[in-house]
Every structure is written in structure tokens, then in C-alpha cells.
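In what follows, a single structure is set out as C-alpha cells and then discussed.
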Amino acid sequence: MSESEPYLPVEEGAIMLFARALGDENPVYRDREYARNSEFGAVIAPPTFVQSATHFNPDSGLRPRPGEPWRGSGRTPTGTPSSSEGGALRLHAEQHFTYHRVLRAGDELTWTTRPGRTWTKQRRNGDTMTFQDQITEYRDRSGELVITARSVVVELPSSGGSR
Amino acid sequence: MTAATDLAVGTVHEVVVVDDLTRTQIVQYAGVSGDFNPLHSDEVYATQVAGNPTVMAHGMLVMGLAGKALTDYFGDGRLTQFGGRFKASAWPGDTLTARLTITAVHPGEGSDPPSADVDVEVVNADGVAVFGGTASAQLDPPA
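Chains A and B, in that order, are what the protein sequence lines are.
Under the UniProt record's numbering, think of the first position of the first sequence as 1, with each following residue one higher.
Under the UniProt record's numbering, think of the first position of the second sequence as 1, with each following residue one higher.
Written out as C-alpha cells, the structure reads:
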């Protein structure tokens with residue numbers, strides 16, 4: 001059996017929790033009756049909601065995995081002592097969304113990410129910062145584009161600041 | 001919601017999007033976003049391994065707070081574009097203010113509804129910008 005392509009079910013509960021984490025009490029994100037009577041006819045998602053697709057990214061390194069060391073603290077301050085030494089540091093530098101239509105509870109998105117433009121900048125200390133665009137297209141069941149996201153990730157040669 | 005008639009280039013709207021950001025809210029955002037990087041939720045790791053003063057907010061939490069300012073101002077489901085750059089870190093205890101500055105108002109034509117472009121900036125209590133970007137929103141047609 002093959003695994004499905006990455007998807008994101010747009011669920012009422014997930015939207016409610018996402019809005020709650022932003023301190024957003026807008027009933028259009030949490031109240032089914034209110035939302036049904038709105039112009040949208042359903043609970044809608046707040047503007048940055050597709051960021052939660054990370055949960056559905058099988059390759060995401062942003063969560064612990066059973067049986068694998070995790071860099072956060074447990075018995076010791078980090079579970080992966082080598083993680084803080086050497087290697088490039090990757091930071092989320094920019095995020096851009098283009099909205100093609102309103103995202104509603106009940107939508108089911110599939111998404112694909114592709115690398116975009118790459119460019120470099122010199123820091124004052126001579127280090128080279130490498131920037132890369134990552135373009136993610138979120139499409140609905142009929143294949144229509146709903147949201148286009150562009151992330152800019154910057155890679156620094158070694159540690160120093162982080163986000 | 002905002003009608004085109006209310007807006008002019010240079011109109012500024014400022015709103016506090018979080019007062020005294022808590023570690024709990026950062027943990028809430030970690031949970032919903034799926035970004036469990038310990039820099040954001042693990043005080044021991046953040047201080048002893050990463051050498052930071054404490055845990056830092058996700059950039060996308062700050063952007064999400066800016067998004068709330070936009071949707072409260074323009075109305076639900078009105079954004080056509082929203083993006084920006086993470087300029088500095090946000091920390092527990094921060095009070096963050098979103099400043100929206102109208103840069104263009106398009107009256108709309110034919111089937112194109114009226115719309116506005118806006119600069120979006122989020123600043124901390126010291127006036128340091130932590131997020132800076134732009135957004136565009138459809139406006140309700142003038143009544």
C-alpha cells in the first residue's frame with residue numbers, strides 16, 4: 001500500500017483551537033450556527049491556518065518521533081547533544097500567502113511544496129547567508145488552487161541567533 | 001468591517017494584539033501549528049542548550065496575531081494577500097501592537113470589488129518591529 005500525498009483536512013475543531021491559540025474569539029472560527037448564518041455558510045479558517053499542515057507533513061522535523069532521539073530536554077537539557085554543534089542553522093525568514101478563495105471547514109486540501117529562487121547575502125562578518133523560497137500550493141478536492149504560500153528560509157553557516 | 005469610503009491612503013489603525021504574552025500561549029501555538037521546536041516551549045533547552053534568555057515565540061504566532069488585527073479591521077474572509085518578514089524575536093512578557101497603514105485604495109471596477117493595500121507592522125513595547133509586511137483586502141462596496 002502506498003501512502004497518500006500530503007493533505008490537510010480543514011476541520012472545525014482544529015480551526016477553533018488554532019484561533020484560540022491566537023486569542024481570537026471571532027465566532028466565525030468557532031460557532032457553527034453563527035458561521036452557518038454568515039455569508040460563508042460555514043466556519044472559516046483564519047489567515048495563517050494552513051501552517052498547521054505541519055502536523056500532516058510526514059517528514060516534519062518539528063515534532064518528536066517515537067523511538068528517535070529528540071533535541072528537547074528530558075533527563076538532560078537536550079536529547080541530541082550533537083545538535084548544538086556545527087552544521088547550518090535554518091531560520092524561517094519570511095512567510096507570504098496568496099488567498100484564491102475563502103478556506104472553509106469541510107474543505108480538504110492537498111499540498112505540494114517545491115523549491116523556488118535561491119540567493120545569497122554577505123553578512124558583515126563575511127559569512128554567507130543563503131536564502132531559498134519554498135512554494136506550497138494548497139488545492140481543494142476539485143484541484144482548484146485555494147492558497148499559495150511562499151516561505152523564505154535562510155541558512156546560516158553556524159549558530160548565532162535563532163527563531 | 002470597513003467600507004471603501006472609510007479609508008484613505010495614510011489611514012493608520014493601531015491595536016494591541018497581545019498584552020503580556022505568556023509561555024502558555026506559545027505552548028498553545030506550538031500545539032496547533034505542529035511546530036514543537038524546543039526553542040519555543042522548552043525553557044531548559046532554550047536557556048541551557050540554545051543560550052537564549054528564555055523561550056521565544058514562533059514567528060508564525062506573531063504573524064497570526066497580525067492576521068487577527070487584519071481580519072478584525074477588514075472583516076472576515078476579505079484578505080487576498082498577506083505576507084511579511086520576521087524581523088526580531090518576540091518573548092514572553094511582550095506586549096505587541098499591530099500597526100496597519102493604508103497604502104492604496106482601489107475603487108473597484110466591473111466585477112472587481114473595491115480593495116485596499118496595507119502595510120502591516122508588529123512592534124513590541126520598545127517600539128522594535130518584530131514583523132513587517134503587507135496585505136491586501138477586498139472591501140465591502142460602499143453602502
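Backbone N, C-alpha and C fix where the C-beta goes; we use that ideal spot for every residue, glycine too.
Because the structure is a prediction, the values reported are computed rather than measured.
Straight-line Cα distance separating residue j from residue i
i               : j               : result
arginine 63/A   : arginine 123/A  : 31 Å
glutamate 43/B  : threonine 54/B  : 6 Å
glycine 84/B    : alanine 135/B   : 9 Å
leucine 145/A   : glutamate 108/A : 12 Å
glutamate 155/A : threonine 120/A : 9 Å
aspartate 126/B : glycine 67/A    : 44 Å
proline 77/A    : valine 32/B     : 24 Å
aspartate 112/B : glycine 72/A    : 50 Å
histidine 92/A  : threonine 118/A : 14 Å
glutamine 51/A  : aspartate 6/B   : 32 Å
aspartate 16/B  : valine 49/B     : Position check: residue 16/B holds valine in this sequence, whereas aspartate was assumed. Each residue's alpha carbon lies about 32 Å from the other.
glutamine 28/B  : alanine 21/A    : 5 Å
Residue environment, residue i, which counts as buried when at least 16 other CB atoms sit within 10 Å
i                : result
glycine 116/A    : exposed
glycine 143/A    : exposed
glutamate 121/B  : buried
glutamate 85/A   : Caution applies to glutamate 85/A, whose pLDDT of 48 falls short of 50 and renders its modelled position unreliable; the model cannot decide the point.
asparagine 37/A  : exposed
threonine 128/A  : exposed
glutamate 39/A   : exposed
asparagine 124/B : buried
glycine 77/B     : buried
alanine 46/B     : buried
arginine 104/A   : buried
glutamate 94/A   : buried
Residue i, enclosing beta strand (DSSP E) - first and last residue
i             : result
tyrosine 73/B : Counting along the chain, tyrosine 73/B falls outside any beta strand (DSSP E), though it belongs to the alpha helix (DSSP H) covering 59-74.
serine 151/A  : 145-156
valine 16/B   : 12-18
Where residue i meets chain D, residues with beta-carbon distance less than 9 Å
i                  : result
phenylalanine 86/B : Protein chains A and B are contained in the structure displayed, whereas chain D is not.
Start-to-end residues for the alpha helix (DSSP H) that takes in residue i
i            : result
alanine 21/A : 12-21
Three CB pairs or more closer than 8 Å across the stretch 98-111 of chain A and the stretch 89-101 of chain B:
no
Would you call the stretch 60-77 of chain A in contact with the stretch 30-49 of chain B, where contact means no fewer than 3 C-beta pairs closer than 8 Å?
yes
Count the CB pairs spanning the stretch 69-78 of chain B and the stretch 89-108 of chain B that are closer than 8 Å, and state whether there are at least three.
yes
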